[in-house]
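Notes to accompany the following structure.
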Ligand code: HEC
């Protein structure tokens with residue numbers, strides 16, 4: 026029993042001395058430190074643009090299989106060349122509520138305003154030197170179906186590049202709702218004018 030007690034003391038004392046020396050900083054490890062449970066400290070990182078022998082083609086990144094679609098994304102079926110009249114057949118799938126219009130405003134003020142200007146007249150901050158875009162307040166665009174505007178945003182038109190790859194589908198529909206708000210603000214209909222009269226009633230006629 027005594028022997029076991031002595032052996033235990035030596036073990037504890039030895040452990041304590043080892044711990045103290047180990048943590049004293051007197052013997053800094055320069056290489057091969059003893060690591061208690063290194064876990065995943067030393068992972069094999071794949072460095073881009075370097076050859077890697079795991080896959081037969083030497084690339085570390087996989088190309089998605091043909092036809093792969095991102096979650097919640099619908100592939101756009103039309104190209105500039107196949108743009109057809111039937112593009113009118115699909116309507117804006119996003120409901121025009123306040124949150125959507127506000128989201129559309131954010132998208133417009135992020136992506137479109139630089140060229141098309143704050144109200145869509147084509148007086149953006151980069152015009153000139155960028156060539157002036159046609160007004161989005163035109164009769165032509167006011168008469169466009171939402172899907173036609175969606176088409177222009179998604180695949181681009183002449184000098185305007187495609188924004189499909191940059192703006193999420195939902196946001197492309199939302200920005201159209203905001204564009205409709207801009208158009209209606211500049212060209213109010215009878216209903217809007219009536220609502221306006223409720224806010225600012227015409228002066229009462231005096232006898
Ligand atoms: C880099 C500048 C630029 C940006 C950014 C830009 N556009 Fe355009 N956009 C243009 C130009 C220039 C045209 C005219 C293209 C042409 O000559 O057919 C145009 C055309 C359009 C048209 C068709 C107008 C017509 O009369 O045919 C629509 C609709 C439109 N843009 C919407 C948008 C929306 C919405 C955004 C934001 C998501 C946007 N654009 C972002 C430059 C831009």
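In our numbering, the protein residues as written are 26 to 232. We put the CB at the ideal spot given by N, CA and C, even for glycine.
Opposite residue i in the DSSP bridges: which residues?
{"i": "residue 185", "result": "182"}
Which value, in whole angstroms, describes the spacing of the CA atoms of residue i and residue j?
{"i": "residue 38", "j": "residue 30", "result": "12 angstroms"}
{"i": "residue 66", "j": "residue 81", "result": "27 angstroms"}
{"i": "residue 165", "j": "residue 72", "result": "51 angstroms"}
{"i": "residue 208", "j": "residue 68", "result": "56 angstroms"}
{"i": "residue 121", "j": "residue 77", "result": "49 angstroms"}
{"i": "residue 212", "j": "residue 190", "result": "32 angstroms"}
{"i": "residue 184", "j": "residue 104", "result": "16 angstroms"}
{"i": "residue 87", "j": "residue 181", "result": "29 angstroms"}
{"i": "residue 225", "j": "residue 89", "result": "59 angstroms"}
{"i": "residue 32", "j": "residue 45", "result": "20 angstroms"}
{"i": "residue 60", "j": "residue 40", "result": "16 angstroms"}
{"i": "residue 101", "j": "residue 92", "result": "12 angstroms"}
{"i": "residue 43", "j": "residue 85", "result": "44 angstroms"}
{"i": "residue 176", "j": "residue 99", "result": "14 angstroms"}
Does residue i come within less than 9 angstroms of chain C when only Cβ atoms are used?
{"i": "residue 78", "result": "Going by chain labels, chain C is absent from the structure shown, which holds only one protein chain."}
Mind checking whether residue i and residue j have CB atoms under 9 angstroms apart?
{"i": "residue 196", "j": "residue 132", "result": "yes"}
{"i": "residue 192", "j": "residue 136", "result": "yes"}
{"i": "residue 140", "j": "residue 147", "result": "yes"}
{"i": "residue 113", "j": "residue 172", "result": "yes"}
{"i": "residue 152", "j": "residue 206", "result": "no"}
{"i": "residue 145", "j": "residue 162", "result": "yes"}
Taking the alpha helix (DSSP H) that residue i belongs to, which residues open and close that run?
{"i": "residue 140", "result": "138-141"}
{"i": "residue 195", "result": "194-211"}
{"i": "residue 123", "result": "123-132"}
{"i": "residue 168", "result": "164-168"}
{"i": "residue 216", "result": "215-224"}
Using 8 angstroms as the cut-off, can you tell me whether the region 115-125 makes contact with the region 198-211, which would need three or more C-beta pairs spanning the two stretches below that distance? yes
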